[in-house]
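**Student:** Sequential numbering of the sequence shown, starting at 81, is according to this note's numbering.
A virtual CB, placed ideally from N, CA and C, is assigned to each residue, including glycine.
What you are looking at is a predicted structure, and each value in this text was computed from that prediction instead of being measured.
Please read through the structure below; I'll follow up with questions.
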Amino acid sequence: MVHTQNEDLSDGVNRCPRCGATDISLRASAGTLICLFCRHEWSESLLEEASSAEDLTQLQGTTVGSGAADIDDAVDAVLTMKCAGCGAEVVINTDQQMAARCHWCRHVLTVNEQIPNGAVPDAVLPFRVSHEDAVAKVKEFAGKRRLFAHRGFVREFSPENVVPVYMPYMVVDGNVSADVWGVGEIETKKYTRGSGNDKKTYYDADIYNVHRHVDFTVDDLTLESSGRRAHLDTAVNTNNVINAILPFDTENAVRWNASYLNGVTSEKRDQDVAELQPALEDQLLSIGRSEVADSVRSYGRGVRWEKERVDVHGTKWVAMYLPVWLYSYYHEVGGKGMVHYIAVNGRTGETMGSIPVSHGRLLLAALTVGTVFEALAVAYLVVGA
């Protein structure tokens, strides 16, 4: 296990390095922490700087960060913390928040100790897209689809209600080998037989058994660690849009500090490394197939892969919170409801989403386009005559 806990914050009190105040918040537009008393801004050190650099080709076995350790279901989500300022005991429910204010001395206490309930990751990637920019992105996305949007959505659309959310991910480095076996074809002759409706094209080809082996490494591969989003129910929501705003610049993630969550909601990890292994191997096989693609271009009629294998020699796992601005809209038709989401990457501004459409408007547009084409066809025939 790689120890990633921020020892400077182990007492639960995150103090401003300039004035010592504990009223600290996230300044999303800059991705920094800001003291609400003296306005001093600073950032935690990058996780990659805090951990030793390593050659990924030498990874062996499975290494996990202390925030990515297996979740202990017996650990209560409710913590009692002793205030370092006055000694009072303060209760924090980690399912709902990661900070609380001491009712006696007003110190803000934050959960920075990596407790084994999935609430505290190894690192956090701070927001860089501001609320104003996120509102503009959501408004632009919906505006381009306004023509066919359901009128109820158009009337009730309130982009200023977009909220910041930290989503839980596992970020994986890996040392991997992959093998693929299949059948490749190289065309040697092409000819036609028959005539009219019976005319057919035939190909002659040389057929080869193809095997490819590739060794490669992956750096910062992201895997969802929330089972609720990994197992999508597209009948009731469109939260799969989160995958469409990847990638994130995870190399800029900083060491965990709960103050980055002030004013931001978060979703707790509920999957361990073992549960994510199948998803990892599936992605590694896709990468392996991509790695060998250039070596089989000589097979002009393509290669049909029939068997594949991946050998994972070593992996390193860290738990990380990634920033997303999220706008949601509940739409109900015929007694069936659907939650539509528009998501904005909190680092790059990449935006994707879903809005409820007006089927009447879509049908009208289809009929209108069809009428136009029919009119053009008739005009062409008239002119030709």
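#1: I need the DSSP call for residue 137, collapsed to helix, strand or coil.
#2: Who are residue 257's beta bridge partners in DSSP?
#3: Which partner residues of residue 105 appear in the DSSP bridge assignment?
#4: From the DSSP output, in three-state form, read off residue 270 for me.
#5: What does a CB cutoff of less than 8 Å around residue 115 pick up in its chain, not counting 5 residues either side in sequence?
#6: Give every residue of the same chain whose Cβ lies closer than 8 Å to the Cβ of residue 143, excluding the five residues on either side of it in the sequence, and list them in chain order.
#7: So, residue 93 versus residue 147, is the Cβ gap smaller than 8 Å?
#8: Between 207, 423, 386 and 182, which has its C-alpha nearest residue 324's C-alpha?
#9: Excluding the five sequence neighbours on either side, which residues of its own chain have a C-beta within less than 7 Å of the C-beta of residue 359, listed in chain order?
#10: Can a CB atom of chain C be found closer than 8 Å to the CB of residue 238?
#11: Roughly how many whole angstroms lie between the Cα atoms of residue 367 and residue 84?
#12: Taking 8 Å as the cut-off, decide whether the C-beta atoms of residue 256 and residue 292 are in contact.
#13: Residue 137 and residue 297: beta carbons closer than 8 Å?
#14: Quick check on DSSP: helix, strand or coil for residue 224?
#15: Check for me: the beta strand (DSSP E) holding residue 193 runs from which residue to which?
#16: At the level of alpha carbons, what is the spacing between residue 192 and residue 436?
#17: Can you list, in chain order, the residues of its chain with a C-beta nearer than 7 Å to that of residue 226? Leave out the 5 residues immediately preceding and following it.
#18: Exposed or buried, which one is residue 202 when buried takes at least 16 other CB atoms within 10 Å?
#19: Which residues in the same chain as residue 109 place their Cβ atom closer than 6 Å to its Cβ, once the five residues preceding and following it in sequence are excluded?
#20: By Cβ distance below 6 Å, which residues in the same chain neighbour residue 150 in space, the five residues on each side in sequence not counted?
#21: Under 7 Å Cβ to Cβ from residue 155, same chain only, skipping five residues before and after it: list those, please.
#22: Got a sec? Which residues, its chain only, sit under 8 Å from residue 375 by beta carbon, not counting five neighbours each side?
#23: So the candidates are 403, 162, 126 and 282; which of them puts its Cα closest to the Cα of residue 429?
#24: Is it buried or exposed for residue 231, if we count other Cβ within 10 angstroms and need 16 for buried?
#25: Which residue wins for smallest C-alpha separation from residue 241, given the options 216, 182 and 263?
#26: Quick one: measure Cβ to Cβ for residue 385 and residue 204, integer angstroms, because I've assumed they're closer than 8 Å.
**Tutor:** Looking at the atomic coordinates:
#1: Three-state result, residue 137: helix.
#2: The partner list for residue 257 (beta bridge, DSSP) reads 295 and 391.
#3: Residue 105 is bridged to 114.
#4: Correct three-state label for residue 270: strand.
#5: Within the same chain, residue 115 has close Cβ partners 96, 98, 99, 101, 103, 104 and 121.
#6: Excluding positions up to five away in sequence, the list reads 81, 82, 394, 395, 396 and 397.
#7: No; because the gap between Cβ atoms is not below 8 Å, this pair is not in contact.
#8: Residue 423 is the option with its Cα nearest to residue 324.
#9: 303, listed in sequence order.
#10: Looking at the structure shown, chain C is missing, and only one protein chain is on hand.
#11: If you draw a straight line from the Cα of residue 367 to the Cα of residue 84, it is about 29 Å long.
#12: The Cβ-Cβ distance between residue 256 and residue 292 does not fall below 8 Å.
#13: Their beta carbons are under 8 Å apart, which means residue 137 touches residue 297 by this criterion.
#14: If DSSP states are grouped into helix, strand and coil, residue 224 belongs with coil.
#15: That residue, residue 193, is in no beta strand (DSSP E); it is neither H nor E in DSSP.
#16: The C-alpha of residue 436 is placed about 41 Å away from the C-alpha of residue 192.
#17: Around residue 226: 234.
#18: Buried, because 16 or more other Cβ atoms sit within 10 Å of the Cβ of residue 202.
#19: Hits under 6 Å: 210.
#20: Around residue 150: 352.
#21: Excluding residues within five positions, the ones whose Cβ falls inside 7 Å are 195, 196 and 197.
#22: Closer than 8 Å at the Cβ level, and outside the excluded window around residue 375, lie 292.
#23: Check the Cα spacing between residue 429 and each of 403, 162, 126 and 282: the tightest is with 403.
#24: The residue in question, residue 231, is exposed, as its Cβ has fewer than 16 Cβ neighbours within 10 Å.
#25: When C-alpha distances from residue 241 are compared across 216, 182 and 263, the shortest belongs to 216.
#26: Between residue 204 and residue 385 the Cβ distance is about 39 Å, and since that is not below 8 Å, they are no contact.
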